[in-house]
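Student: Take this structure first; my questions come after.
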């Protein structure tokens with residue numbers, strides 16, 4: 016190996032661990048009232064290409080959420096806001112009662128998980144109530160509701176009147192998380208033993224705010 020090659024090899028070795036930034040590993044998270052404070056916060060993103068200003072969002076959501084006096088809104092990024100509530104019960108009610116919309120555009124509202132920065136939060140899942148039509152009566156069970164709900168982005172709960180584990184409505188109503196970036200499912204084909212296959216359809220009262228073509 017010639018001298019030039021030796022010098023180049025040494026230079027590569029010496030610079031291998033160089034970096035243009037310093038690493039910090041010992042930052043300590045906040046303590047004390049952290050859980051209490053986080054329990055009063057939600058982060059939300061309006062799924063739309065056009066931007067919405069803070070005052071419009073406050074005007075619409077404070078009325079929709081019945082928080083005319085106590086809702087605190089902080090602008091984070093385009094169409095992304097931090098919502099502060101005075102009562103954890105109000106915050107939890109909003110989180111569990113969606114979907115919500117601003118001027119007809121879906122706003123995905125969720126908890127801000129500890130340790131994440133805003134850019135790491137996914138707004139692709141939103142809760143919706145889905146009606147399942149066409150199921151035979153003996154298949155309208157909690158188990159089957161959960162199984163069908165699992166075909167979406169995540170099963171949340173069954174919202175129906177039950178009698179001995181059977182739903183007595185004309186349809187089975189479930190609450191699920193739906194991936195808004197994927198096309199909306201319209202139903203499933205169910206194969207029965209010794210009987211023709213049947214198609215049971217899905218419907219959503221909030222489908223008008225469902226979107227698939229906006230990056231979140």
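In the numbering used here, the protein residues as written are 16 to 231.
Think of the CB as a built atom: it goes at the ideal place given N, C-alpha and C, for glycine as much as any other residue.
Can you round the beta-carbon distance between residue 122 and residue 61 to whole angstroms, since I take them to be within the 8 Å contact cut?
Tutor: That pair is a contact at about 5 Å.
Student: If you draw a straight line from the alpha carbon of residue 174 to that of residue 188, how long is it in whole angstroms?
Tutor: Whole-angstrom Cα-Cα distance: 5 Å.
Student: If I measure Cβ to Cβ from residue 213 and keep anything under 7 Å in the same chain, skipping five residues before and after, which residues do I get?
Tutor: These residues qualify, in order along the chain: 149, 205 and 207.
Student: Can you list, in chain order, the residues of its chain whose CB lies under 7 Å from that of residue 143, leaving out five sequence neighbours each side?
Tutor: 114, 191, 193, 219 and 221
Student: Could you compute how far the alpha carbon of residue 50 sits from the alpha carbon of residue 24?
Tutor: Taking the straight line joining both Cα atoms gives about 53 Å.
Student: Identify every residue that forms a DSSP beta bridge with residue 123.
Tutor: 60
Student: Which first and last residues belong to the beta strand (DSSP E) in which residue 117 is found?
Tutor: 115-117
Student: In this structure, what does DSSP give as the bridge partners for residue 170?
Tutor: When beta bridges are read from the DSSP output, residue 170 appears opposite 191.
Student: Do residue 128 and residue 195 come within 8 Å of each other at the CB atom, strictly closer than that value?
Tutor: No; because the gap between Cβ atoms is not below 8 Å, this pair is not in contact.
Student: Give the single residue among 40, 151, 168 and 200 whose Cα lies nearest to the Cα of residue 211.
Tutor: 151
Student: Residues in the same chain with beta-carbon distance under 6 Å from residue 93, minus the five sequence neighbours each way, listed in chain order, please.
Tutor: 66
Student: Can you tell me which of 170, 52 and 41 puts its alpha carbon nearest to the alpha carbon of residue 161?
Tutor: 170
Student: Applying the 10 Å Cβ sphere with the 16-neighbour rule, what's the burial state of residue 106?
Tutor: buried
Student: In three-state DSSP terms, what is residue 76?
Tutor: helix
Student: If you run the structure through DSSP and keep just helix, strand and coil, what is residue 99?
Tutor: When secondary structure is reduced to three states using DSSP, residue 99 falls in the strand class.
Student: List the residues that DSSP assigns as beta-bridge partners of residue 54.
Tutor: For residue 54, which the question treats as bridged, DSSP gives no partner whatsoever.
Student: Who are the near neighbours of residue 200 in its chain, counting only those whose CB is closer than 8 Å to its CB and skipping five residues on each side?
Tutor: Excluding sequence neighbours, residue 200 sits near 166, 167 and 217.
Student: How about residue 99 and residue 56: are their beta carbons less than 8 Å apart?
Tutor: yes
Student: Please say whether residue 97 and residue 14 have beta carbons closer to each other than 8 Å?
Tutor: The question about residue 14 has no answer here: the residues shown for the chain are numbered 16 through 231.
Student: Using the rule of at least 16 other Cβ atoms within 10 Å of the residue's Cβ for burial, across every protein chain shown, is residue 82 buried or exposed?
Tutor: buried
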